[in-house]
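S.K.: For the sequence shown, my numbering assigns the number 1 to the initial residue and increments by one for each residue that follows.
Ideal Cβ positions, reconstructed from N, Cα and C, are used throughout, including at glycine.
Just so we're clear, the structure is a prediction, and the values are computed from it rather than from any experiment.
I'd like to ask some things about the structure below.
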Amino acid sequence: MVRVGLVAYVEEQLERAIALGMLPRGQFGSEEKLAREFGCCRGTVREALRRLAARGLVVQRSGRKTRAVALDESLTLENLGLALHDERSEECRRLLEGYFSLKRQVLVDLLADCCTSASEAQVSQLEATCYALWEAARWEPGARCAQLEFELLRLAAQAAARPGHLLLIQSLQRAMRGNAARLQFLMGGESLRQWAICAMHALGDRDVRALTHELPALLKACDEVVLDAFAPALREHVPSEDSHAQESHSEACASAAAQDEAPEARPCVDEGGIDCLASTVEDNKVLGAAPCPNEGESPPMEPDRVALCPPTDLELASSKPGSERVAEDVVGAASGTLSDCRTGWDNSNPEGGPPSEPPSTCTCGHRRTDNCLL
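So, in structure tokens, the structure goes:
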């Protein structure tokens, strides 16, 4: 007698080899070789190949090796597990979305028909199944929830007198084999409890509107939880150029804000007015420095003006006779007069006559020479 558990294992491994393209030239080895690889007898391998042939996955011909059928030709609802080996592919998520959408449509249509045509006993049985599913979602999530969900579908198909839907429900349940069996272990949680309690109250009240408007949204939310856990969606990669543009835009905004917050540098005249400007001129006079010209203007140059004497020479001159005359000349030079500091005499005659001859001696008491600064 063939061991059923071992046959299912060999069938699953052969199906996985077909899905991943691990077969050389799409052909299996001999039954004897496969039996050695799996550590079983040839009868077990023969039964596993027969099951795969019944599902349309392989082609068996006498005198030839068993050949695998192409995936696009053999993919059916019952063979959904073939496309679920690579959870990261977009094709896997697309097929799973189609599977869950079909199951939701079947469940909603059957329960809506039960509200109008099923007897009270049948509706009570459906309510009890919904309540058991609500409890299992909290205490026994996983395979128990999947079992109760398909039991609810079969009971609804029988109550609505839909024999064709019974075949479809059987195919939906058989789709969870092999790698797809991991889907049933992800069922459960609060999202499943919400749609189960909604279906139970709608069946008790025979509220078709609640089943057709509220239940589909709750079912979709529950299926998306299972779908994201099994085959998470790939996030779109943001191009590097867009990221650099966003960073430069943020930096520009930050610099503009910093410039707005920074205090503006204003000239002294704007802040202090004329008083500040006057105080600056007085300070320059006391220190013996001329005020700074405005920007863009060059300081006026007078050919007959010479620099003032150094403070040391001024102190030396004040200690000798005629120091008062020197002080007056210095003050006059600072106030803008045209007196000559080198010779110590005035070009202008106070009486209006011609200018007098320069004295032979300087006001500092020395003999006038060209090198005398006073």
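(1) Check whether the segment 196 to 208 and the segment 161 to 178 are in contact - that is, three or more C-beta pairs closer than 8 angstroms.
(2) Just mark Gly63 as buried or exposed, buried being the case when its beta carbon has 16 or more other beta carbons within 10 Å.
(3) Pull up the DSSP beta-bridge partners for Gln386, would you.
(4) How is the alpha helix (DSSP H) around Asp223 delimited, first residue to last?
(5) Taking Ala70 as the reference, which of Ala136, Ile18, Phe28 has the closest Cα?
(6) Compute the beta-carbon to beta-carbon distance between Gly81 and Ala137, rounded to the nearest angstrom, for a pair I have assumed lies under 8 angstroms.
(7) In terms of residue numbering, what span does the alpha helix (DSSP H) encompassing Ser101 cover?
(8) For a test of the three-state rule: what should DSSP assign to Val331, helix, strand or coil?
(9) If you draw a straight line from the C-alpha of Val59 to the C-alpha of Gly26, how long is it?
(10) If we count Cβ pairs, one from each stretch, closer than 8 angstroms, do we get three or more for the segment 107 to 124 versus the segment 210 to 224?
(11) For the alpha helix (DSSP H) containing Cys41, list its first residue and its last residue.
(12) Just how far apart, CA to CA, sit Val10 and Met22?
(13) Going straight from the alpha carbon of Asp228 to that of Leu215, what length do you get?
(14) What does the alpha-carbon distance come out to for the pair Thr76 and Gly39?
(15) Would you grab the beta carbon distance between Ala83 and Leu95 for me? Rounded to a whole angstrom, and I think it's under 8 angstroms.
(16) Mind reading off the beta-carbon distance from Leu14 to Leu52? Whole number of angstroms is fine, and I expect it under 8 angstroms.
(17) Between which two residues does the alpha helix (DSSP H) containing Gln147 stretch?
(18) Return the chain-ordered list of same chain residues with a C-beta closer than 6 angstroms to the C-beta of Ala159, the five sequence neighbours on each side being excluded.
(19) Going by the beta-carbon positions, is the gap between Phe150 and Leu186 smaller than 8 angstroms?
(20) If you follow the alpha helix (DSSP H) that His165 is part of, which residue opens it and which one closes it?
(21) Out of curiosity, what's the CA-to-CA distance linking Ala156 and Ser30?
(22) Alpha carbon to alpha carbon, how far is Pro24 from Cys145?
(23) So, at 7 angstroms on beta carbons, what are the nonlocal neighbours of Leu183 in its own chain, with the 5 sequence-adjacent residues on each side left out?
(24) If we ignore side chains and look at the alpha-carbon of each, how far apart do Ala128 and Cys41 end up?
(25) Note down the Cα distance separating Glu32 from Ala54, rounded to an integer number of angstroms.
(26) Could you give the residue range of the alpha helix (DSSP H) that holds Thr129?
(27) Applying the 10 Å Cβ sphere with the 16-neighbour rule, what's the burial state of Asp86?
(28) For Lys65, which option in Leu49, Tyr131, Tyr99 has the closest C-alpha, if you only look at C-alpha atoms?
(29) Which residues share a DSSP beta bridge with Val58?
(30) By the three-class DSSP mapping on this structure, what secondary structure does Arg16 have?
(31) So, helix, strand or coil for Thr212, using DSSP?
(32) Can the beta-carbon of Cys130 be found closer than 8 angstroms to that of Ala196?
(33) Roughly how many angstroms separate the alpha carbons of Arg193 and Ala143, rounded to a whole number?
(34) Do you know whose CA, among Ser124, Glu140, Ala180, lies nearest His201's CA?
M.R.: Result, derived from the coordinates:
(1) no
(2) exposed
(3) Residue 386 lies beyond the range of the chain shown here (1 to 374); nothing can be said about it.
(4) 215 to 230
(5) Ile18
(6) About 24 angstroms separates the two Cβ atoms, so there is no contact after all.
(7) 90 to 117
(8) Low per-residue confidence applies at Val331: pLDDT is 42, beneath 50, and the placement is therefore not dependable enough to give any value.
(9) 11 angstroms
(10) yes
(11) It is not in any alpha helix (DSSP H) - Cys41 carries neither H nor E in the DSSP assignment.
(12) 15 angstroms
(13) The straight-line gap from Cα to Cα measures roughly 20 angstroms.
(14) 30 angstroms
(15) 5 angstroms
(16) 6 angstroms
(17) Counting along the chain, the alpha helix (DSSP H) containing Gln147 begins and ends at 143 to 159.
(18) Cys114, Ala118, Gln122
(19) no
(20) 163 to 174
(21) 46 angstroms
(22) 40 angstroms
(23) Met176, Val226, Phe230
(24) 46 angstroms
(25) 21 angstroms
(26) 120 to 139
(27) exposed
(28) Relative to Lys65, the option among Leu49, Tyr131, Tyr99 whose CA is nearest is Leu49.
(29) Ala68
(30) helix
(31) helix
(32) yes
(33) 15 angstroms
(34) Ser124
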